[in-house]
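**Student:**
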Amino acid sequence: MRLRGIGRSKNVIRRSGGAGKAGGLGLVGVLAVLAIGYFTGIDVTPLLTGQGGGQVQQSRPLSDSEDPQVDFAARVLTTTEQVWSRVFQEQLGETYTPPQLVVFDNVTQSACGGASGATGPFYCPADNMAYLDTAFFRTLDQRLGAGGDFAAAYVIAHEVAHHVQNEIGVLPQVARMRQQSSEVEANALTVRLELMADCFSGIWASNVEGLMEKGDLEEALNAARMIGDDHLQRQAGQVPQPHTFTHGTSEQRARWFERGYESGEMAQCGTFKADRL
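For what it's worth, numbering that gives the first Met the number 0 labels the leading residue of the sequence shown as 0, then goes sequentially.
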């Protein structure tokens with residue numbers, strides 16, 4: 000991905016130090032936690048219980064000499080701001096308010112609870128922030144086999160897509176629906192939420208096509224396949240159990256990403272009205 004000439008977003012916060020103790024989760028916060036889970040063996044207990052360490056973290060703006068991976072994330076965030084500002088104006092007639100991206104080391108706190116690198120990237124609607132551990136890039140490559148800079152950019156764009164869902168009212172609406180649903184029904188709702196975010200990620204990709212290099216699109220599609228529920232369950236030595244899926248199959252994730260990429264239209268990402276996912 001060619002990011003030369005793309006400035007770093009001012010909406011990036013760098014955190015270091017121990018994690019402070021965070022409060023409990025609201026319903027929307029629980030939804031966000033259940034909607035993450037990029038890695039096999041994911042442990043979302045800290046988020047669900049609000050557990051964290053006792054030390055206070057230090058937050059600061061980005062410096063001029065940041066780790067290349069942090070710099071990369073800040074430039075990718077800029078592209079999401081540019082894309083969604085334009086898409087909101089052209090397709091919705093509305094103004095887009097971007098999220099902040101918190102880049103942390105090992106552990107952090109959010110309005111949705113404490114988190115660690117094991118949680119993976121996530122979006123917390125309670126504070127309108129996306130969270131990314133610095134070890135994420137290595138994990139994506141070594142543990143999931145989804146390396147490449149555009150694969151990493153896709154996952155950042157996916158978390159921003161959850162913010163887009165929050166902005167247009169989808170996240171709170173689904174949270175209310177989940178409250179009245181069985182576990183199986185709630186999982187099915189979360190799958191539709193995740194596939195919509197994949198579709199929105201495809202819209203982002205279609206709008207940064209000029210920055211893409213040969214092989215970038217396949218990197219994103221491969222990342223989508225590698226984090227499909229069926230693939231992750233097989234990787235963990237399990238037989239895929241569709242009723243437990245919360246993100247969708249590898250095929251579904253790649254297909255909805257492609258749908259957004261090919262159409263560029265938010266109206267084409269209506270997973271909650273789709274008969275076939």
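Just so it is clear, CB atoms sit at the ideal spot from N, CA and C, and this is done for glycine as well.
On a predicted model such as this, the values are computed, not experimentally measured, just so you know.
Taking 6 Å as the limit between beta carbons, can you name the residues of its chain near T48, skipping five residues before and five after?
**Tutor:** For T48, the pLDDT reaches just 37, beneath the cut-off of 50, and the residue's location in the model is therefore unreliable, although a value from the coordinates is still provided. Excluding sequence neighbours, T48 sits near nothing in its chain.
**Student:** Would you give the residue range spanned by the alpha helix (DSSP H) that G259 belongs to?
**Tutor:** G259 -> alpha helix (DSSP H) spans 249 to 262.
**Student:** Comparing C-alpha positions only, which one of S15, S205, Q81 sits nearest to G259?
**Tutor:** It is S205 whose Cα lies nearest to the Cα of G259.
**Student:** Please list the terminal residues of the continuous alpha helix (DSSP H) segment that includes Q172.
**Tutor:** Where Q172 is concerned, the enclosing alpha helix (DSSP H) stretches over 169 to 178.
**Student:** How about the segment 185 to 202 and the segment 158 to 175: do they share at least three Cβ pairs that are nearer than 8 Å?
**Tutor:** A contact exists between the segment 185 to 202 and the segment 158 to 175.
**Student:** If the criterion is Cβ atoms closer than 8 Å, does the pair S200 and Y130 meet it?
**Tutor:** No, Cβ-Cβ distance for S200 and Y130 is not below 8 Å.
**Student:** At the level of alpha carbons, what is the spacing between Q267 and T138?
**Tutor:** For Q267 and T138, the distance between alpha carbons rounds to 32 Å.
**Student:** Assuming F87 and T94 are in contact, meaning their beta carbons sit under 8 Å apart, how far apart are those beta carbons, in whole angstroms?
**Tutor:** 6 Å between Cβ atoms; contact.
**Student:** Note the first and the last residue of the continuous beta strand (DSSP E) segment covering T107.
**Tutor:** Where T107 is concerned, the enclosing beta strand (DSSP E) stretches over 106 to 109.
**Student:** Considering only residues of the same chain and omitting the five flanking positions on each side of A73, which have a CB-CB separation below 7 Å?
**Tutor:** So the qualifying residues of the chain are R7, S8, V11, L61.
**Student:** Bridge partners of M128, per DSSP?
**Tutor:** According to DSSP, which records beta bridges pairwise, M128 is partnered with Q99, C123.
**Student:** Once the 5 residues before and after T270 are set aside, which same chain residues still bring their CB inside 6 Å of it?
**Tutor:** Same-chain partners within the cutoff: R191, L194, M195.
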